[in-house]
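Student: Mind looking over this structure? Questions follow.
Encoded structure:
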């Protein structure tokens with residue numbers, strides 16, 4: 001066991017765990033951040049996607065000892081009050097069925113939009129190909145990303161005209 | 163149980179509404195719903211009143227109006243993504259005249275007052291549609307009566323709208339909040355006199371309503387089974403024999419107990435029920451990771467039992483031997499099959515097959531349990547809370563009255579969570595360890611210890627006469643359990659028909675997988691109809707319409723037979739042809755395919771449009787679906803989501819999913835080998851049309867899936883001339899030149 005201090009969602013958190021413990025289980029069992037999901041444990045489903053230093057990463061494949069001081073953002077920290085354009089679009093379009101994969105979808109999609117605010121269908125397919133949705137909500141995920149891009153643009157232009 | 167048949171929840175479908183009310187009032191030992199029927203005036207059933215704040219209006223077990231103006235509606239059945247936590251309370255809200263945005267939905271615990279809470283067989287909508295509307299109506303009548311008495315006017319002059327009762331003549335109004343105390347003192351009106359709203363006045367039903375858990379889902383709040391925590395809880399993992407039915411001989415428990423974070427390790431003897439508590443080794447630790455790490459050091463000596471040499475190759479050989487003998491159990495014999503083949507101008511023979519596959523719920527099976535010698539409290543992501551309680555009762559001997567089951571949202575169901583193996587494992591581990599535990603299955607556990615969708619083989623021969631009509635159909639079906647139904651389409655629609663059924667000896671644990679039976683049978687029969695149409699040189703659409711003919715409703719065979727309404731099917735087939743522009747000219751490498759199927763009370767037709775490259779890469783460009791699931795869609799957004807999801811799931815299962823069996827065990831370990839469909843391979847476009855017929859509303863969790871695989875396979879044939887007779891598609895070379 002060893003002590004590790006993480007920067008999670010803008011807060012400093014210290015845990016005492018085995019160094020090889022994946023970030024996924026540190027978040028879920030030790031920090032009560034259960035939004036990041038366990039699906040396969042080998043980086044194949046990406047339900048566990050979080051941002052590390054702004055990049056989408058599989059928390060199930062990230063040992064806590066390798067994290068260093070890089071900031072971690074989980075679904076709980078995607079926005080302060082659940083109003084990220086993707087979160088709004090997901091509720092508006094009723095994207096989820098079971099909903100279990102959606103935290104990972106949202107974290108991958110938010111990294112895409114940060115990088116590419118107006119993605120094409122092809123951009124979306126390429127960025128999202130790693131995230132499985134067992135219920136098959138792929139068409140709504142694609143529509144949700146386009147809708148979020150629209151909402152973000154509308155917010156930007158509103159701010160610009162203020 | 164037959165894993166090729168839709169599970170029928172034990173009590174609900176066969177009962178009419180009044181039976182249901184009577185039954186539940188007896189089962190609960192109270193008068194919660196019974197008071198509706200008997201008009202006894204006893205409003206507050208003791209059981210519900212216990213949990214409700216004093217003074218609240220609880221006209222029945224599903225509705226609670228608080229003195230503070232709150233409106234709480236109970237969702238009676240588990241939600242694993244099929245949307246009933248939203249759609250069933252919508253039925254209550256519509257007739258209660260409760261504005262949806264002001265309603266709080268609460269998931270029910272397991273309780274007999276809600277009837278069967280098994281969410282399977284696409285039964286939730288047909289079971290609850292009228293009942294919940296009636297309960298909403300009756301509660302509204304009482305609120306209106308309370309207002310009328312308050313004003314001293316006839317109730318008939320008052321109307322309720324958006325949780326307010328109005329007396330327009332005197333321009334007076336009172337909110338439900340104002341009326342709660344008074345309504346709670348009134349007698350419950352006779353449910354039979356409750357006049358339900360005219361569908362043209364619906365404010366909520368038929369609209370697109372976003373799921374009630376969506377905000378929690380997109381912000382990552384604790385919601386699913388695996389998210390649940392109890393104070394003082396330990397984390398458990400459980401290893402079972404990779405060969406089904408194998409037993410533990412010994413394990414290095416002493417070593418395991420010394421590993422970091424491990425609190426205990428022990429063997430459970432289990433039972434002989436392949437779908438119950440299987441023998442295995444439990445490890446409990448102070449975190450999931452500690453338990454998983456210790457498990458990697460686990461060394462178990464197994465007695466693998468008598469099925470340690472089973473393999474898919476062996477099963478296939480057995481099936482071929484059974485088919486060669488042609489002495490299967492005769493389940494159907496119509497006309498003179500030999501004479502029809504002799505008279506046929508064209509005959510086609512073909513063997514169709516499909517493998518075992520997994521449910522692969524994205525949330526692996528899990529359960530939290532706090533169990534003593536005589537009490538059990540369970541928190542489970544389940545489709546079937548009653549099955550969990552039954553198994554805990556049976557295996558651990560805990561009286562049913564001492565078992566509490568809380569229903570948590572499930573990360574996918576598809577039939578897997580109708581089983582209760584994960585519940586009994588958690589309960590047995592908690593009882594033996596003497597602490598509350600959360601049991602977490604790994605993905606590997608989940609794939610290898612599924613209750614699989616069984617594979618099967620079908621040996622088919624069909625004949626067409628000089629006019630191109632299908633006149634003969636011989637089908638020898640070889641399955642792993644149960645058998646072929648005498649009513650399986652096109653039975654009842656082909657004049658000379660022989661249906662034979664054989665079963666392979668095996669020890670595979672099997673269970674219902676979304677649209678059981680139908681999910682594979684439709685592929686076989688709708689593909690083979692296509693083969694015969696092409697053999698006759700005819701349009702596959704025309705042949706299908708000819709088979710359905712001018713029949714209305716064709717009765718089922720025997721007591722459990724299911725009637726088939728050919729007119730409803732014909733209507734959806736015709737509409738899908740129209741919507742898809744059926745028959746349009748396409749270049750080589752592109753094609754349209756059509757298929758239809760009736761299951762779970764739904765009549766569904768689909769056209770798939772595909773492009774296949776010369777090197778054999780498949781792309782599904784568009785799927786057009788027409789569904790007749792009755793007169794009213796409850797939640798249009800949820801319904802469309804089920805259609806889209808069923809089509810993607812159908813394609814996912816048919817394209818690459820297969821489990822191989824060698825040495826009595828599953829070969830595939832995780833999602834790297836077991837390939838689910840990803841976004842780039844999803845159909846580019848899905849169009850969904852609901853043909854609203856004058857029939858009772860029915861469910862959508864399952865019936866849309868079966869026609870997808872044959873529609874795509876038939877489209878691949880149209881595009882390439884390559885006929886697919888085996889699932890998954892990926893096993894067949896569809897390149898062309």
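Protein chains in written order, with our numbering: chain A, 1 to 162; chain B, 163 to 899.
Here a beta-carbon is modelled for each residue, glycine too, at the ideal position from N, C-alpha and C.
Less than 7 Å separating the beta-carbons of residue 761 of chain B and residue 673 of chain B?
Tutor: No, they are not a contact pair.
Student: Is it true that the CB of residue 65 of chain A sits closer than 7 Å to the CB of residue 19 of chain A?
Tutor: Result yes, Cβ atoms of residue 19 of chain A and residue 65 of chain A sit closer than 7 Å.
Student: Since residue 602 of chain B is in the beta strand (DSSP E), which residue starts that stretch and which ends it?
Tutor: Counting along the chain, the beta strand (DSSP E) containing residue 602 of chain B begins and ends at 599-602.
Student: Check the Cβ of residue 45 of chain A against every Cβ in chain B and list those closer than 9 Å, keeping chain order.
Tutor: The contacting residues are 524, 605, 833, 838.
Student: Does the segment 411-423 of chain B touch the segment 537-551 of chain B, meaning 3 or more C-beta pairs lie closer than 8 Å?
Tutor: Short answer: they don't touch.
Student: Secondary structure at residue 266 of chain B, three-state DSSP: helix, strand or coil?
Tutor: It is a strand residue.
Student: Note the first and the last residue of the continuous beta strand (DSSP E) segment covering residue 494 of chain B.
Tutor: From DSSP, the beta strand (DSSP E) with residue 494 of chain B extends over 491-496.
Student: In this structure, how does DSSP classify residue 819 of chain B when only helix, strand and coil are distinguished?
Tutor: Coil, per DSSP.
Student: Between the Cα of residue 658 of chain B and those of B:692, B:268, B:623, B:829, spot the shortest distance and give me the residue it belongs to.
Tutor: Closest by alpha carbon: B:623.
Student: Is the segment 119-137 of chain A touching the segment 39-49 of chain A, taking contact as three or more C-beta pairs under 8 Å?
Tutor: At 8 Å Cβ cutoff, the stretches touch.
Student: List the residues of chain B that residue 153 of chain A touches, going by C-beta distances under 9 Å, in chain order.
Tutor: By Cβ distance, chain B contributes nothing, its closest Cβ being about 20 Å from residue 153 of chain A, past 9 Å.
Student: Would you please verify whether the beta carbon of residue 273 of chain B is less than 7 Å from any beta carbon of chain A?
Tutor: So no, residue 273 of chain B is outside the interface.
Student: In angstroms, rounded to a whole number, what distance separates the CA positions of residue 186 of chain B and residue 739 of chain B?
Tutor: For residue 186 of chain B, the predicted model reports a pLDDT of 36, less than 50, meaning its position is unreliable; a value from the coordinates is still stated below. Taking the straight line joining both Cα atoms gives about 46 Å.
Student: Taking 8 Å as the cut-off, does the segment 65-81 of chain A touch the segment 29-41 of chain A (at least 3 CB pairs, one atom from each stretch)?
Tutor: Enough Cβ pairs lie closer than 8 Å, so yes.
Student: Determine, using beta carbons only, whether residue 76 of chain A comes closer than 7 Å to chain B.
Tutor: So yes, residue 76 of chain A belongs to the interface.
Student: Examine the Cβ distances between the segment 235-245 of chain B and the segment 306-313 of chain B and report whether three or more of them are shorter than 8 Å.
Tutor: No: fewer than three Cβ pairs fall under 8 Å.
Student: Since residue 250 of chain B and residue 225 of chain B are thought to touch, with beta carbons under 8 Å apart, how far apart are those beta carbons, to the nearest angstrom?
Tutor: Actually they are not in contact, since the Cβ atoms of residue 250 of chain B and residue 225 of chain B sit about 12 Å apart, beyond 8 Å.
Student: The segment 113-135 of chain A: which residues have C-beta closer than 7 Å to a C-beta of chain B, in chain order?
Tutor: Taking 7 Å as the Cβ-Cβ cut-off against chain B, the residues of the segment 113-135 of chain A that qualify are 125, 128, 129, 132, 134, 135.
Student: Rounded C-beta distance between residue 440 of chain B and residue 402 of chain B? I'm assuming under 8 Å.
Tutor: About 5 Å; that satisfies the 8 Å criterion.
Student: Tell me the DSSP secondary structure of residue 60 of chain A in three-state form.
Tutor: Residue 60 of chain A falls in the helix class under three-state DSSP.
Student: Straight-line CA distance for residue 288 of chain B to residue 25 of chain A?
Tutor: Roughly 41 Å between the two C-alpha positions.
Student: Assign residue 620 of chain B to one of two classes, buried (16 or more other C-beta atoms within 10 Å of its C-beta) or exposed (fewer than that).
Tutor: Buried: at least 16 other Cβ atoms inside 10 Å.
Student: Nearest-angstrom Cα distance between residue 886 of chain B and residue 607 of chain B?
Tutor: Straight-line Cα distance between these residues: approximately 32 Å.
Student: Using only the alpha-carbon positions, how far apart do residue 314 of chain B and residue 334 of chain B sit?
Tutor: So the alpha carbons of these two residues sit roughly 12 Å apart.
Student: Compute the Euclidean distance between the alpha carbons of residue 524 of chain B and residue 541 of chain B, then round it to the nearest angstrom.
Tutor: Near 18 Å, if we compare the C-alpha coordinates of residue 541 of chain B and residue 524 of chain B.
Student: Quick one: which chain A residues come within Cβ less than 9 Å of residue 572 of chain B?
Tutor: Ordered by position in chain A, the residues that pass the 9 Å Cβ test against residue 572 of chain B are 98, 100.
Student: When you compare only the Cα positions, how much space is there between residue 142 of chain A and residue 810 of chain B?
Tutor: In a straight line, the C-alpha of residue 142 of chain A is about 14 Å away from that of residue 810 of chain B.
Student: Quick check: the segment 765-779 of chain B against the segment 855-871 of chain B, are at least 3 beta-carbon pairs closer than 8 Å?
Tutor: Result yes; three or more Cβ-Cβ pairs closer than 8 Å.
Student: Please list, in chain order, the chain B residues whose beta carbon lies closer than 7 Å to that of residue 40 of chain A.
Tutor: By Cβ distance, chain B contributes 605, 832, 833.
Student: By the criterion of Cβ-Cβ separation under 7 Å, what are the contact partners of residue 546 of chain B in chain A?
Tutor: Those within 7 Å of residue 546 of chain B in chain A number zero; the least Cβ separation is about 16 Å.
Student: Apart from the five residues on each side of it in sequence, which residues of its chain come closer than 7 Å, Cβ to Cβ, to residue 880 of chain B?
Tutor: Contacts found: 753, 754, 755.
Student: Among B:666, B:280, B:646, B:671, which residue has its Cα nearest to the Cα of residue 684 of chain B?
Tutor: Nearest C-alpha to residue 684 of chain B: B:646.
Student: Between B:888, B:404, B:447, which lies nearest to residue 682 of chain B when the distance is taken from Cα to Cα?
Tutor: Selected option, being the one with the closest Cα: B:888.
Student: Does the beta carbon of residue 82 of chain A come closer than 7 Å to any beta carbon on chain B?
Tutor: It does: the Cβ of residue 82 of chain A has a partner Cβ on chain B nearer than 7 Å.
Student: By how many angstroms is the C-alpha of residue 514 of chain B removed from the C-alpha of residue 471 of chain B?
Tutor: Their backbone Cα atoms lie some 24 Å apart in a straight line.
Student: Examine chain B for any beta-carbon lying closer than 7 Å to the beta-carbon of residue 139 of chain A, and answer yes or no.
Tutor: So yes, residue 139 of chain A belongs to the interface.
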